[in-house]
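Beneath this line is the structure, given in structure tokens, with notes to follow.
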Amino acid sequence: MSTEEYLPGLIAIGAPLYDPLSGKGVGAVCFDFSVLQHSANDIKAKYKGLIRETARTLSELLPPEKSRR
149 MSTEEYLPGL IAIGAPLYDP LSGKGVGAVC FDFSVLQHSA NDIKAKYKGL IRETARTLSE
209 LLPPEKSRR
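In structure tokens, the structure reads:
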């Protein structure tokens, strides 16, 4: 999670995607929010579990690294 670290006014929350066989990190899923409409604490409380579950589901759907070559 980052709060205005890269762009002023932007809160970002993300989670890694993992290769289903090797467990190696292969990407990430991220959602962005405006500090004008949300606080970092609210974003974390509302979306932490959802983004983790989204990343876990997407990781399970990824083809194994060998078949992506």
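Note that the working numbering has the sequence shown beginning at 149, numbered continuously upward. Glycine included, every Cβ here is placed at the ideal spot set by N, Cα and C.
At the C-beta level, Gly175 and Leu165 come within 8 angstroms of one another.
With respect to Asp180, Ile199 sits apart: the two C-beta atoms are not nearer than 8 angstroms. Of the candidates Gly197, Val183, Pro211, Gly197 places its Cα closest to the Cα of Gly162. Per DSSP, Ala193 has no beta bridge partner at all. Between Leu209 and Asp167, the C-beta gap is not smaller than 8 angstroms, which leaves the two residues out of contact.
Around the Cβ of Ala193, a 10 Å sphere holds fewer than 16 other Cβ atoms; the residue is exposed. The continuous stretches of beta strand (DSSP E) do not include Pro156, and DSSP gives it neither H nor E.
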